[in-house]
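Trainee:
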Amino acid sequence: MPIRNPFARRPGSVIVQDENQRPDSTPGFEKVDTVGSKSTPVLSIRSQGRDNGEYKMSVVNDSGVYLPPSPTEEKGQWPRKYLSTRNSTDTRSSSGDIEHFSISRESFDSYRRSFDISARSPMPNSDFPTRQSLDSARLPRLPRSAVERSFEQPPTAEERFEDVGLDDHKQQQQQLAPQAQPQKRGFFSKFSDKDSSSNPTVSRFLMHGRKRAQSGQGSELTPMDNASPKTEIMASDEVPTNLKDVSSAPDGTAGARTGLDSSLAGLSLASRAVHADEGIQSHRAVAPAMHVSTTFRYSDDPDALKAWDNTDPHNPLDSHVYSRATGPNTTRLEAILTSVIGAPTITYSSGLSAFHAMLVHLNPKRIAIGDGYHGCHGVISILSRLTGLKQLPLDCAVEDLEPGDVIHVETPLNPTGEARDLAAYAEKAKKAGAYLTVDATFAPPPLQDPFKYDVDVVMHSGTKYFGGHSDMLCGTLSVNRKHRDWESALLNDRLLLGSVMGSLEGWLGIRSLRTLELRVQRQSATATALVAWLAEQQRDPSSAIGALVERVQHASLQPEASVEGSWLQKQMPNGYGPVFSVYLRDGDVAKRLPSKLELFHHATSLGGVESLIEWRAMTDPKIDKRLLRVSIGVEGLEDLKNDLLQGLEALRKEKEKGGSK
1 MPIRNPFARR PGSVIVQDEN QRPDSTPGFE KVDTVGSKST PVLSIRSQGR
51 DNGEYKMSVV NDSGVYLPPS PTEEKGQWPR KYLSTRNSTD TRSSSGDIEH
101 FSISRESFDS YRRSFDISAR SPMPNSDFPT RQSLDSARLP RLPRSAVERS
151 FEQPPTAEER FEDVGLDDHK QQQQQLAPQA QPQKRGFFSK FSDKDSSSNP
201 TVSRFLMHGR KRAQSGQGSE LTPMDNASPK TEIMASDEVP TNLKDVSSAP
251 DGTAGARTGL DSSLAGLSLA SRAVHADEGI QSHRAVAPAM HVSTTFRYSD
301 DPDALKAWDN TDPHNPLDSH VYSRATGPNT TRLEAILTSV IGAPTITYSS
351 GLSAFHAMLV HLNPKRIAIG DGYHGCHGVI SILSRLTGLK QLPLDCAVED
401 LEPGDVIHVE TPLNPTGEAR DLAAYAEKAK KAGAYLTVDA TFAPPPLQDP
451 FKYDVDVVMH SGTKYFGGHS DMLCGTLSVN RKHRDWESAL LNDRLLLGSV
501 MGSLEGWLGI RSLRTLELRV QRQSATATAL VAWLAEQQRD PSSAIGALVE
551 RVQHASLQPE ASVEGSWLQK QMPNGYGPVF SVYLRDGDVA KRLPSKLELF
601 HHATSLGGVE SLIEWRAMTD PKIDKRLLRV SIGVEGLEDL KNDLLQGLEA
651 LRKEKEKGGS K
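Residue numbering for the sequence shown follows the UniProt record's numbering, starting at 1 and increasing by one per position.
1. In the DSSP assignment, what are the bridge partners of Gln553?
2. In chain order, what residues of the same chain lie with their CB nearer than 6 Å to the CB of Ile346, ignoring the 5 residues before and after it?
3. Of the choices His460, Ser381, Leu305, Gly279, whose alpha-carbon is the least far from that of Ala335?
4. Can you tell which of Lys464, Asn329, Leu597, Met459 has the C-alpha that lies nearest to the C-alpha of Val520?
5. Let's test the definition: count the other Cβ atoms within 10 Å of the Cβ of Thr241 and tell me whether it reaches 16, buried, or not, exposed.
6. Roughly how many whole angstroms lie between the Cα atoms of Met618 and Ile632?
7. With H, G and I counted as helix, E and B as strand and the rest as coil, what does DSSP make of Lys641?
8. Starting from Ser271 and walking both ways along the alpha helix (DSSP H), at which residues does that stretch end?
9. Which of the three DSSP states is assigned to Gly647 in this structure?
10. Looking only at its chain, what residues have a beta carbon closer than 6 Å to the beta carbon of Thr604, apart from the 5 residues adjacent to it on each side?
11. Taking 6 Å as the cut-off, does the CB of Thr416 come closer than this to any heavy atom belonging to the ligand ATP?
12. Should His408 be labelled buried (16 or more other beta-carbon atoms within 10 Å of its own) or exposed?
13. Could you compute how far the alpha carbon of Leu568 sits from the alpha carbon of Asp421?
14. What are the uninterrupted segments assigned as alpha helix (DSSP H) that are 4 or more residues long and contained completely in the region 405-482, given in chain order?
15. So is Ala276 buried or exposed if we call it buried at 16+ other beta carbons inside 10 Å?
16. Quick check on DSSP: helix, strand or coil for Val500?
17. Mind checking residue 677: buried by the 16 CB within 10 Å criterion, or exposed?
18. Just the C-alpha distance for Tyr453 and Ala426, rounded to the nearest angstrom, thanks.
19. Would you say Ala555 and Tyr583 are within 7 Å of each other, going by their C-beta atoms?
20. In the DSSP assignment, find the alpha helix (DSSP H) that holds Thr295 and state where it starts and stops.
21. Considering Cα atoms alone, identify which of Leu317, Ser524, Glu505, Arg481 is closest to Met472.
22. Val630 bridges to which residues according to DSSP?
23. Taking just the CA atoms, how far does Thr441 sit from Asn480?
24. Give me the residue from Pro415, Ala343, Thr330, Arg385 with the minimum Cα distance to Gly370.
25. Taking buried to mean at least 16 other C-beta atoms within 10 Å of its own C-beta, is Lys320 buried or exposed?
26. Spell out a yes or no on whether the region 632-652 and the region 592-610 are touching, meaning 3 or more CB-CB pairs, one atom from each, closer than 8 Å.
27. Assuming the contact rule is C-beta atoms closer than 8 Å, Val558 and Gly546 should be a hit. Round their C-beta distance to whole Å, please.
28. Should the region 396-413 be regarded as contacting the region 360-376, the criterion being three or more beta carbon pairs within less than 8 Å?
29. Find the nearest neighbour of Ala544 within the set Val286, Pro328, Thr330, Lys641, judged by alpha-carbon distance.
30. Give me the Cβ distance between Ala273 and Phe451, rounded to the nearest whole Å; I'm assuming they're in contact under 8 Å.
31. Since Ala547 is in the alpha helix (DSSP H), which residue starts that stretch and which ends it?
32. Helix, strand or coil for Asp624 per DSSP?
33. Around the C-beta of Ser271, are 16 or more other C-beta atoms found within 10 angstroms, so that it is buried, or is it exposed?
34. Run through DSSP, which three-state label would Arg385 get?
35. Mind checking who Lys390 pairs with in its DSSP beta bridge?
36. Examine the Cβ distances between the region 431-448 and the region 389-404 and report whether three or more of them are shorter than 8 Å.
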């Protein structure tokens, strides 16, 4: 059947009266002069539809699908798309502007049915109504009790939709075939509990429980099915429902609140950092949304109200009451960290708040701790005033410790970057009956896994490498799975201490963890190469480095690093960390070096994508004034070499001229 193309433009501006236009019909567009004699045309649209009294019968095809009436055979008027040229002011249709093209009746019917609201959806009916938009508050809201009752609800109009396409005959042939060929399933199909091969119209890449939108409209608002019993959050009289510990994979790849099945167990660290939180989200957005709400609505059903239980039946793993307890952003962040670190992980507002929360929970009488971050010593000093906590040297005798005491090891060490033997301290803690806690900030995954040594708690200042961009504060505590009750107790303490991360920081942490492995491995490799170059140059007294640098400290320079099968190679098999220290021969020269550098920022902290150097005496008054702490970013190795070299050469020239005092 020939169809006119209303979008074609033909050359020429000759106006020809349409031969099909009835004499008494009114044109669809009319030029109206609204400003007196001015020539500027204004288009007004009049109704074109007229009832000519001619109708066609509706039909039903062989498959039982209702087909609306086809267009009448009488040729109708096809108006042009506004004006053919800038100077033209006539808006009437012209047969000279119409370009004909051919289309089969079957293709036209398929095209028409794509707009047919009576078509049926291939999706099974849902037990829950689709969510309404915010402007639909005037409509009656379905109470929660109605959702929980077991009765059959009539399907909505949208749930009865079915896409009707040109490939329907192929699907019918497959259904009539005596032995249907099994469909190949994609990689992500293993994340689904149901075999999607039984429903060929559903994409195999949809996660389990995700409801596909029926009409393509409002797909982000459709509800999700209830979670399976293995992922439901258990109620408790002591702990808010959404804070409870639930069963999780023993290998640490699926956290207590992730909702993602054990298919993550076979994925690499890089893949888990990207996909570990996908079981939580209730929408189809690829990038995580930033939720800023501090509070969350309760159920509208009074019978469903329970203390600290605000579980959303559509998404129980992402249900919240108040952001001081949990929030959407931090919940997803903790799910990723749990998978990446390999143990249930709780986030805090900073590294020191995490260290404080750990000591509050363990409440030891003695803590053995060596050199390291001065902030941890400050927290111990505060607790000693309140509880009488006694501080012991890290290498104290086993007899000085009692069951319940804490051995706290920081490895690699701040600020030198040197490593400590975790296996030796684990044996010591076992003999004394003490808890072994490890600050692994300087060697995040994939560089080091302290849980291989059966430590009790692993602490990170997430501000550093988990954040990775110098724009968020964060602390984390990861608990050995043998202490199953510690996680809920720590969550209760955090709720009362108020040391919870902010929503923005949680969102920034999710963004940063996606590239954790890429950043850390590059930073560690660059630091190791730079340290080796500095150590070699330091042995040459004729160079600027040899004249000004006394020594360089890093885990890669420890003797055990070059011994095959040593404890250091076993403990840090994937790199020795991105932080090292440089001791200059003169404290004043050390103070002046950062101002001579171009690529290194003189600032405290570490772990960002930019390289930092700090005259450490700025923030730690007890440190050697000759020490400079260096944190390597993601810049090129040769660029960093050249920057350090030119800075040291400039200082040597000043010193030779008497510029250094």
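Glycine included, each C-beta is placed from N, C-alpha and C at the ideal position.
Mentor: Let me lay it out:
1. As a working note, residue 553 is residue 553 in the sequence shown. Paired residues: Ser581.
2. The residue labelled residue 346 in the question sits at position 346 within the sequence shown. Taken in chain order, the residues that qualify are Leu477, Leu490.
3. Mapped onto the sequence shown, residue 335 falls at position 335. It is Gly279 whose Cα lies nearest to the Cα of Ala335.
4. Locating residue 520 in the sequence shown gives position 520, where the first residue counts as 1. Of Lys464, Asn329, Leu597, Met459, the residue nearest in Cα terms is Lys464.
5. Within the sequence shown, residue 241 is the residue found at index 241, counting from 1. Any reading at Thr241 needs caution, since the residue's pLDDT is 41, under 50, leaving its predicted position unreliable; the model's value is listed next. Under this definition Thr241 is a buried residue.
6. On the sequence shown, residue 618 is found 618 positions in, with the first residue counted as 1. On the sequence shown, residue 632 is found 632 positions in, with the first residue counted as 1. Taking the straight line joining both Cα atoms gives about 19 Å.
7. Sequence index remark: in the sequence shown, residue 641 carries index 641 (1-based). Judged by DSSP in its simplified three-state form, Lys641 adopts helix.
8. Within the sequence shown, numbered from 1, the residue matching residue 271 stands at position 271. 269-275 is the extent of the alpha helix (DSSP H) around Ser271.
9. The residue labelled residue 647 in the question sits at position 647 within the sequence shown. In the three-state reduction of the DSSP assignment, Gly647 falls in the helix class.
10. Position 604 of the sequence shown, counted from the first residue, corresponds to residue 604. So the list reads Glu614, Thr619, once near-sequence residues are dropped.
11. The ligand ATP is not part of the structure shown, which contains no ligands of any sort.
12. As a first step, residue 408 must be located in the sequence shown, where it is residue number 408. Flag for His408 reads buried.
13. On the sequence shown, residue 568 is found 568 positions in, with the first residue counted as 1. On the sequence shown, residue 421 is found 421 positions in, with the first residue counted as 1. Answer to the nearest angstrom: the Cα atoms are 7 Å apart.
14. 422-432
15. Along the sequence shown, read from residue 1 onward, the residue named residue 276 stands at position 276. When all chains shown are included, Ala276 counts as buried.
16. Along the sequence shown, read from residue 1 onward, the residue named residue 500 stands at position 500. In the structure shown, Val500 sits in coil (DSSP, three-state: anything other than H, G, I, E or B).
17. What is shown of the chain runs 1 to 661, which leaves residue 677 out entirely.
18. Working through the sequence shown from its first residue, we reach residue 453 at position 453. Working through the sequence shown from its first residue, we reach residue 426 at position 426. Approximately 6 Å, taken between the alpha carbons.
19. Taking the first residue of the sequence shown as 1, we reach residue 555 at position 555. Taking the first residue of the sequence shown as 1, we reach residue 583 at position 583. No, they are not a contact pair.
20. As a position in the sequence shown, residue 295 is number 295, starting the count at 1. Counting along the chain, Thr295 falls outside any alpha helix (DSSP H), and DSSP gives it neither H nor E.
21. The residue labelled residue 472 in the question sits at position 472 within the sequence shown. Here the closest residue by C-alpha is Glu505.
22. Locating residue 630 in the sequence shown gives position 630, counting from the first residue. Partner(s): Phe580, Ile613.
23. Mapped onto the sequence shown, residue 480 falls at position 480. Mapped onto the sequence shown, residue 441 falls at position 441. Between Asn480 and Thr441, the C-alpha separation is close to 17 Å.
24. Start at 1 with the first residue of the sequence shown, and residue 370 comes out as number 370. Checked all of Pro415, Ala343, Thr330, Arg385; the closest Cα to Gly370 is Pro415.
25. The residue you call residue 320 lines up with position 320 of the sequence shown. With the sequence shown as reference, residue 320 is identified as His, and Lys is not the correct amino acid for it. It is buried - the Cβ of His320 has at least 16 other Cβ atoms within 10 Å.
26. yes
27. Position 558 of the sequence shown, counting from 1, holds the residue named residue 558. Position 546 of the sequence shown, counting from 1, holds the residue named residue 546. According to the sequence provided, residue 558 is Gln. The question's Val does not apply to it. Not a contact, Cβ separation roughly 22 Å.
28. yes
29. As a position in the sequence shown, residue 544 is number 544, starting the count at 1. Minimum Cα distance to Ala544 is reached at Lys641.
30. Translated into the one-based positions of the sequence shown, residue 273 becomes position 273. Translated into the one-based positions of the sequence shown, residue 451 becomes position 451. At roughly 17 Å, the Cβ-Cβ gap does not stay under 8 Å, so Ala273 and Phe451 are not in contact.
31. Within the sequence shown, the letter at position 547 stands for residue 547. Ala547 -> alpha helix (DSSP H) spans 544-548.
32. Position 624 of the sequence shown, counted from the start, is the residue given in the question as residue 624. Coil at Asp624, not helix or strand.
33. Within the sequence shown, the letter at position 271 stands for residue 271. With fewer than 16 neighbouring CB atoms inside 10 Å of its own CB, Ser271 falls in the exposed class.
34. Translated into the one-based positions of the sequence shown, residue 385 becomes position 385. In this structure, Arg385 counts as helix in the three-state DSSP scheme.
35. Start at 1 with the first residue of the sequence shown, and residue 390 comes out as number 390. DSSP output for Lys390 lists Arg366 as bridge partner(s).
36. yes
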